[in-house]
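J.:
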Amino acid sequence: MKLSKILPFVLLAASCNIGVAQNNKKSSKTLPTKKVKVIDSIKVTQFTDDLPSTVVATKLKDSLVYNLQDIAVAREKDSLWLKEIYKSDLFDDIYNSVVNQNYEKVEYTELPTELLKKRLKELDARTPFKVEYNEALESVIKQYLKNRRGSLQRLMGLSEYYFPMFEAELDKHHLPLELKYLAVIESALNPQARSRVGATGLWQFMFATGKMFGLDVSSYVDERSDPIMATEAACKYLKSLNESFNDWDLALAAYNSGPGNVSKAIRRSGGKTNYWNLRSYLPRETAGYVPAFLATMYIFEYAKEHGFEKQPSRIPYVATDTIKIKRQITLEQVAKLTNLDMEELQFLNPSYKLGIIPVVKDENYVLRLPITAVGTFVNNEEAIYAFVEQESEETDKAAPELYEQPSKIRYRVKSGDFLGKIATKYGVGVNQIKQWNGLRNSNVKVGQSLIIYPRSTGQEIASNSPVKSNATSEKTYTVRNGDSLWSISQKFPGVSVQNIKKWNDISGTNLKPGTTLKIHKG
Numbered sequence: 019m020k021l022s023k024i025l026p027f028v029l030l031a032a033s034c035n036i037g038v039a040q041n042n043k044k045s046s047k048t049l050p051t052k053k054v055k056v057i058d059s060i061k062v063t064q065f066t067d068d069l070p071s072t073v074v075a076t077k078l079k080d081s082l083v084y085n086l087q088d089i090a091v092a093r094e095k096d097s098l099w100l101k102e103i104y105k106s107d108l109f110d111d112i113y114n115s116v117v118n119q120n121y122e123k124v125e126y127t128e129l130p131t132e133l134l135k136k137r138l139k140e141l142d143a144r145t146p147f148k149v150e151y152n153e154a155l156e157s158v159i160k161q162y163l164k165n166r167r168g169s170l171q172r173l174m175g176l177s178e179y180y181f182p183m184f185e186a187e188l189d190k191h192h193l194p195l196e197l198k199y200l201a202v203i204e205s206a207l208n209p210q211a212r213s214r215v216g217a218t219g220l221w222q223f224m225f226a227t228g229k230m231f232g233l234d235v236s237s238y239v240d241e242r243s244d245p246i247m248a249t250e251a252a253c254k255y256l257k258s259l260n261e262s263f264n265d266w267d268l269a270l271a272a273y274n275s276g277p278g279n280v281s282k283a284i285r286r287s288g289g290k291t292n293y294w295n296l297r298s299y300l301p302r303e304t305a306g307y308v309p310a311f312l313a314t315m316y317i318f319e320y321a322k323e324h325g326f327e328k329q330p331s332r333i334p335y336v337a338t339d340t341i342k343i344k345r346q347i348t349l350e351q352v353a354k355l356t357n358l359d360m361e362e363l364q365f366l367n368p369s370y371k372l373g374i375i376p377v378v379k380d381e382n383y384v385l386r387l388p389i390t391a392v393g394t395f396v397n398n399e400e401a402i403y404a405f406v407e408q409e410s411e412e413t414d415k416a417a418p419e420l421y422e423q424p425s426k427i428r429y430r431v432k433s434g435d436f437l438g439k440i441a442t443k444y445g446v447g448v449n450q451i452k453q454w455n456g457l458r459n460s461n462v463k464v465g466q467s468l469i470i471y472p473r474s475t476g477q478e479i480a481s482n483s484p485v486k487s488n489a490t491s492e493k494t495y496t497v498r499n500g501d502s503l504w505s506i507s508q509k510f511p512g513v514s515v516q517n518i519k520k521w522n523d524i525s526g527t528n529l530k531p532g533t534t535l536k537i538h539k540g
């Protein structure tokens, strides 16, 4: 039996048995250890202490029926939870509420004006922000409570994962913990959110600003989408803005529109430095930015009083940890080896644009996993990398079949579709579909047309496909307008830019439309 067939199941089995054994031990006792080796392509796991001394995959299978059922149910709940609260429509909802905010009087009898004034005064006493009552702020708060309860409830669910991380970093930089609410306004707590002007991540850094604060972007990784790195960069930026304006309301306005626009507004107003007196001189989005922040802060702080239910995160941040990767690996491979859903891995590792964790000199790229899966990965690291290596070799051997596919198809979105489902159907990544179609987020509509370059779907080859086969199983690709070595390599699993350059004796990166490239040598 091939290693690639048995290894994922055995790793899962080993993990489950370890968990059972640990639960039955007293806390003072040494935890069991295990040795891993590969024999004739079958992984054999040896356990010490009171676990079986030698467990072969076929025997493990029989002992795991009930555990696997429990795991399947839990995983299904996690997957549904992630799909529900991590929808990209939250980002559009938040953005539109800030940009298109009106300040008309709202009837909301559940929150009398006098009660709101009292609570805002209490909130003002415990925060460095100027939380003062005015009719505009009252309008925003009541609009949110009346019209956006569903979105707010979902955001509160996401906050259970992100807020502990934010608070730790804000405290480290001696900043107000209430700044955590800024990420709700910026990105709807979506680390892959992308604005219309290209700002990206939880804290919505533009490319140049991100670079200034140490956030790099490459073909594989966008550090603006790394929750920890982006939060640290945001803390540094916010701290510098507050030092410049000596006022947190103005610092927030500058974070949104840039310090130049705030300084210009101060000059145009005749030197006024109170945000509420400057609003008419600021860009429309910035004029609604601080009211949205304060309204969000109020609602989160008084969530219980307004009937919002606490939603514990199914994946608490404190219940995750990172592993330094020693060999390039894909999230898809990690999912196979740890029995985790792709949605969960993408949620925990949002900065990897193509679902690939590269190994690059002087870079510290890590894989974040639930703690329950970290032990399995670390204890079986040697076998895991052997599996990855073998899978890569098998992909190369299967190349003639995999490469014979249409250059692209057009897919019409159906009711019930979402990008993750479509990506799985065609064996591609969500981020690839977004890149191919210029999507800012993962939100798709019924009837929408998507361009997809499928990996292997069994569909009929398009007659105009640029991929051709000959009698010797050598595959070729005809370069089209807009093609690059990178974009071409992404259409073929297991093929790198270096492969294409080597097979075609190419030294540079320039390509001419109509050029025929060798894609795989039979």
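With the sequence shown counted from 1, adding 18 to any position gets you the working numbering.
Backbone N, C-alpha and C define an ideal beta-carbon position, used for all residues, glycine too.
From A154 to T348, what does the alpha carbon distance come to, in whole angstroms?
T.: What you label residue 154 is simply residue 136 of the sequence shown in a count that begins at 1. What you label residue 348 is simply residue 330 of the sequence shown in a count that begins at 1. Between the alpha carbons of A154 and T348 lies a gap of roughly 49 angstroms.
J.: What does DSSP give as the partner residues of P531 in its beta bridges?
T.: The residue labelled residue 531 in the question sits at position 513 within the sequence shown. Beta-bridge partners of P531 (DSSP): none assigned.
J.: For L312 and F147, which I take to be in contact (beta-carbon distance under 8 angstroms), what is that distance rounded to the nearest angstrom?
T.: Your numbering for residue 312 matches position 294 in the sequence shown. Your numbering for residue 147 matches position 129 in the sequence shown. Between F147 and L312 the Cβ distance is about 7 angstroms, and since that is below 8 angstroms, they are a contact.
J.: Check whether the segment 368 to 375 and the segment 320 to 336 are in contact - that is, three or more C-beta pairs closer than 8 angstroms.
T.: no
J.: Does the Cβ of G278 have 16 or more other Cβ atoms within 10 Å, making it buried, or fewer, making it exposed?
T.: Here residue 278 corresponds to residue number 260 of the sequence shown, with the count starting at 1. With fewer than 16 other Cβ atoms within 10 Å, it is exposed.
J.: Which of the three DSSP states is assigned to D234 in this structure?
T.: Working through the sequence shown from its first residue, we reach residue 234 at position 216. Note: D234 maps to coil in three-state DSSP.
J.: So, is R302 buried or exposed, given that buried needs 16 or more other C-beta atoms within 10 angstroms?
T.: Position 284 of the sequence shown, counted from the start, is the residue given in the question as residue 302. With fewer than 16 other Cβ atoms within 10 Å, it is exposed.
J.: Flag this pair as yes or no: are the beta carbons of I469 and Y444 separated by less than 9 angstroms?
T.: To locate residue 469, count along the sequence shown from 1; it is residue 451. To locate residue 444, count along the sequence shown from 1; it is residue 426. Contact flag unset, no.
J.: Contact defined as beta carbons within less than 8 angstroms: I believe L296 pairs with A310. What is the distance between those atoms, to the nearest angstrom?
T.: Your numbering for residue 296 matches position 278 in the sequence shown. Your numbering for residue 310 matches position 292 in the sequence shown. In fact, because the Cβ distance is near 16 angstroms, the residues do not count as touching under 8 angstroms.
J.: If you draw a straight line from the alpha carbon of L195 to that of D189, how long is it in whole angstroms?
T.: If you number the sequence shown from 1, residue 195 lands on position 177. If you number the sequence shown from 1, residue 189 lands on position 171. The alpha-carbon atoms of L195 and D189 are separated by roughly 7 angstroms.
J.: For F231, does the count of other Cβ atoms within 10 angstroms reach 16, so buried, or fall short, so exposed?
T.: Taking the sequence shown and counting its residues from 1, the one referred to as residue 231 is at position 213. Buried, by the Cβ-count rule.
J.: Starting from V352, trace the beta strand (DSSP E) in both directions and tell me its first and last residue.
T.: Within the sequence shown, residue 352 is the residue found at index 334, counting from 1. For V352, there is no enclosing beta strand (DSSP E); the residue is part of the alpha helix (DSSP H) that begins and ends at L349 to T356.
J.: By the DSSP assignment, the beta strand (DSSP E) with Y495 in it spans what residues?
T.: One-based indexing of the sequence shown puts residue 495 at position 477. Secondary structure note for Y495: its beta strand (DSSP E) is the uninterrupted segment K493 to T496.
J.: Provide the residue(s) that pair with R212 in DSSP beta bridges, ordered along the chain.
T.: Walking along the sequence shown from the start, residue 212 turns up at place 194. Bridge partners of R212: T218.
J.: With respect to the alpha helix (DSSP H) encompassing K342, which residues constitute its N-terminal and C-terminal limits?
T.: Along the sequence shown, one-based indexing puts residue 342 at 324. It is not in any alpha helix (DSSP H) - K342 instead sits in the beta strand (DSSP E) that spans T338 to K342.
J.: Relative to the ligand NAD, is the shortest distance from any of its heavy atoms to the C-beta of W221 smaller than 8 angstroms?
T.: Looking at this structure, you won't find the ligand NAD or any other ligand, since it has none at all.
J.: If you measure between the beta carbons of Y471 and K432, is that distance less than 9 angstroms?
T.: Stepping through the sequence shown from its first residue, residue 471 is reached at position 453. Stepping through the sequence shown from its first residue, residue 432 is reached at position 414. The answer is no: Cβ separation not under 9 angstroms.
J.: Enumerate in chain order the residues of its own chain whose CB-to-CB distance from T304 is below 6 angstroms, with the five nearest sequence positions on each side excluded.
T.: By one-based count along the sequence shown, residue 304 stands at place 286. Around T304: A271, N274 and S275.
J.: Among E128, Y238 and A217, whose alpha-carbon lies nearest the alpha-carbon of G228?
T.: Here residue 228 refers to the residue found at position 210 when the sequence shown is read from its first residue. Nearest of E128, Y238 and A217 to G228, Cα basis: A217.
J.: Under the three-state reduction of DSSP, which class applies to R583: helix, strand or coil?
T.: Past the boundaries of the shown model lies residue 583; the chain is included only from 19 to 540, so the question cannot be answered.
J.: So the beta strand (DSSP E) P388 belongs to, where does it begin and stop?
T.: Working through the sequence shown from its first residue, we reach residue 388 at position 370. Here the beta strand (DSSP E) through P388 covers V384 to P388.
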